[in-house]
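Trainee:
In the working numbering, the protein residues as written are 77 to 609.
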């Protein structure tokens, strides 16, 4: 007798027995799912529901108000609807255009007070110092001529660099990564040859770390390349951003001159000197002066960053408004950065400025007090880390400020929540594009230095320079080239940051408005980060 069910009713063939066993298994009670399985099932059903709803809405174009997308009911392609928790994390709601009003206005008032105070000091005490500086300027006229020539040369080379990056972007990214590895190896070899064992060991460690880094991120180069191409394409369509950036640099230069005159005037009246003419500064005044200088410089730099983010956002969501050199996107974004969002820009800039001022104060204290050099060095290291963290936070917060007009703290919270819920922490940690932009800046700087060297050989502009006139001309051209190229590259870098945020938040609009770039971005993203799907 073959047992075909719970009771031996009859003899069964093998086929009948198999069918009977399958029937019994189908009627068995399924095992009780665990908590994890129930959670996964809920998420799966939730995703399916949102997929169906998104499919029904996919034919509708995005709603655009003044070039900035208004939040749609669903976060396209993320399968996360507003108000839904994801893995217990803070819920993510897609960014919305904020009402037009001044954000964080108290910090804008602080900046105006800062500039006014420095101008008052210059007017009261710095007139004689300024006249002395102008009187000696005629002796440096050769540097002015060289600055004009190398500056024009650097701007032309920077523009050519953009075309080269568009023509062969992946090659540029790979070359810049290999360049960093080679330079770390050169540092190691030169240190050992010169007999500096400690520096050689540090160089060897750095060289090995760079090799590991290059191997780890090599597969992500295509995604970084498409990000770079997308940012350059948007900036070329709205190239009015670049003259705006150069204007802000001229403003920063004027501020540096004004602050220097005020610094000299205050130093002369507050420094305490002994009989041997050894002077020590008044650290209270020195701290305030450093905060003043870095505060204004950070505001100028972050204004360019926020303006670029706003232009990229308009190009992303409403390309018809961002398709020319002096498009409305450039004007409106610059206007928002200097008015309603200016307080938010000043807020983050002040935080970084205070940390940078403390770092400079620690540096000055280390130079004047050998007794506490170790403690001051530790403090300086900690302040360096804090400054890097604050600048990293600002880099992403100002993208949201430029895109939607959020207050500073809310913008930073929203963008970090976006990345955390997307699982994009590893993506934003990659620095491949920054390496490429730095590489281009170095190349242009070296070529500009060569132009300066050639001017010293063929003209009498540097005859007043003693001894190392050729070296001075090369270094002068190098600095001019680095500074001017870095300005243009910083615009591209800000554009890349905005592209990453927009792609994380609104890939559907990218697909609709820029399908070719969107498809390349999707393909390389899936290949590089399959776990982020």
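Ideal Cβ placement from N, Cα and C applies to all residues, glycine included.
Among residues of its own chain, excluding the 5 on either side of residue 320, which ones have a beta-carbon nearer than 8 Å to its beta-carbon?
Mentor: Hits under 8 Å: 380, 383, 406 and 410.
Trainee: What distance in whole Å lies between the Cβ atoms of residue 378 and residue 474, which are believed to be in contact at a cut-off of 8 Å?
Mentor: 6 Å between Cβ atoms; contact.
Trainee: Answer with buried or exposed for residue 426, where buried requires no fewer than 16 other C-beta atoms within 10 angstroms of its C-beta.
Mentor: Counting Cβ neighbours within 10 Å, residue 426 comes out buried, since at least 16 surround it.
Trainee: With three or more beta-carbon pairs closer than 8 Å as the criterion, would you say the region 489–498 touches the region 524–538?
Mentor: No contact exists between the region 489–498 and the region 524–538.
Trainee: With the cut-off set at 8 Å, would you say residue 375 and residue 421 are in Cβ contact?
Mentor: Against a cut-off of 8 Å, the Cβ pair of residue 421 and residue 375 comes out as a contact.
Trainee: Less than 7 Å separating the Cβ of residue 258 from some heavy atom of the ligand PLP?
Mentor: By its list of ligands, the structure shown contains no ligand whatsoever, and the ligand PLP lies outside what it can speak to.
Trainee: Among the residues of its own chain, which have a CB less than 6 Å from the CB of residue 404, if the five just before and after it don't count?
Mentor: So the qualifying residues of the chain are 397.
Trainee: Which residues in the same chain as residue 565 place their Cβ atom closer than 7 Å to its Cβ, once the five residues preceding and following it in sequence are excluded?
Mentor: The answer, listed in chain order, is 513, 516 and 517.
Trainee: Give every residue of the same chain whose Cβ lies closer than 7 Å to the Cβ of residue 399, excluding the five residues on either side of it in the sequence, and list them in chain order.
Mentor: Hits under 7 Å: 313.
Trainee: Spatial neighbours of residue 230 within its chain, please: C-beta separation below 7 Å, excluding the five flanking residues on both sides.
Mentor: Only 520, 524, 556, 557, 560 and 561 meet the Cβ criterion.
Trainee: What residue does the alpha helix (DSSP H) around residue 515 start on, and which one ends it?
Mentor: Its alpha helix (DSSP H) spans residues 508–534.
Trainee: Identify, in the order they occur along the chain, each residue of the same chain with its Cβ nearer than 6 Å to the Cβ of residue 224, setting aside the five sequence neighbours on each side.
Mentor: Excluding positions up to five away in sequence, the list is empty.
Trainee: For the alpha helix (DSSP H) that residue 601 lies in, which residues bound it at each end?
Mentor: Here the alpha helix (DSSP H) through residue 601 covers 591–604.
Trainee: For residue 462, which residues in the same chain have their Cβ closer than 6 Å to its Cβ, ignoring the five residues on either side in sequence?
Mentor: If we look at residue 462 and ignore the five residues flanking it on each side, its Cβ neighbours are 431.
Trainee: Over what stretch of residues does the alpha helix (DSSP H) that includes residue 456 continue unbroken?
Mentor: From DSSP, the alpha helix (DSSP H) with residue 456 extends over 449–480.
Trainee: With DSSP collapsed to three states, give me the class of residue 432.
Mentor: Correct three-state label for residue 432: helix.
Trainee: Sort 293, 264, 286 and 285 by Cα distance to residue 279 and report the nearest one.
Mentor: Comparing Cα positions, the closest option is 264.
Trainee: Going by DSSP in three states, residue 408 sits in which element: helix, strand or coil?
Mentor: Helix.
Trainee: Given a cut-off of 8 Å on the beta-carbon distance, is the pair residue 194 and residue 343 in contact?
Mentor: No, Cβ-Cβ distance for residue 194 and residue 343 is not below 8 Å.
Trainee: Is the CB-CB distance between residue 554 and residue 222 below 8 Å?
Mentor: No. Outside cutoff.
Trainee: Note down, one range per segment and in chain order, each alpha helix (DSSP H) of at least 4 residues found wholly within the region 255–331.
Mentor: Here the runs fully enclosed are 273–293 and 297–313.
Trainee: So what's residue 557 in DSSP terms, helix, strand or just coil?
Mentor: Here residue 557 sits in helix by DSSP.
Trainee: Please report the straight-line C-alpha distance between residue 299 and residue 451, rounded to a whole angstrom.
Mentor: Their backbone Cα atoms lie some 43 Å apart in a straight line.
Trainee: Assuming residue 489 is part of the alpha helix (DSSP H), what are its boundary residues?
Mentor: That run of the alpha helix (DSSP H) goes 484–498.
Trainee: Quick one: Cα of residue 582 to Cα of residue 257, how far?
Mentor: Going by the C-alpha atoms only, they are around 35 Å apart.
Trainee: Tell me the rounded alpha-carbon separation between residue 260 and residue 599.
Mentor: Each residue's Cα considered, the two are about 33 Å apart.
Trainee: Run through DSSP, which three-state label would residue 537 get?
Mentor: Residue state, collapsed to three classes: coil.
Trainee: Residue 372: which of 417, 328, 339 and 181 sits nearest, CA to CA?
Mentor: Ranking the options by Cα distance to residue 372, first place goes to 328.
Trainee: Report the three-state DSSP secondary structure of residue 442 (helix, strand or coil).
Mentor: Residue 442: helix per DSSP, three-state reduction.
Trainee: State the start and end residues of the unbroken alpha helix (DSSP H) segment that holds residue 198.
Mentor: Element bounds for residue 198: 181–201.
Trainee: Applying the criterion that 16 or more other CB atoms from any shown protein chain within 10 Å of the CB defines a buried residue, is residue 470 buried or exposed?
Mentor: It is buried - the Cβ of residue 470 has at least 16 other Cβ atoms within 10 Å.
Trainee: Leaving out five residues on either side along the sequence, give the residues of the same chain with a beta carbon under 8 Å from the beta carbon of residue 310.
Mentor: Closer than 8 Å at Cβ, skipping near neighbours: 387, 388, 391, 392, 398, 571 and 575.
Trainee: CB-CB under 7 Å to residue 297, same chain, minus the five flanking residues each way: which ones, in chain order?
Mentor: Cβ neighbours of residue 297 beyond the five flanking positions: 246, 249, 250 and 508.
Trainee: Between 413, 238, 288 and 233, which lies nearest to residue 184 when the distance is taken from Cα to Cα?
Mentor: Checking every option, the nearest Cα to that of residue 184 belongs to 413.
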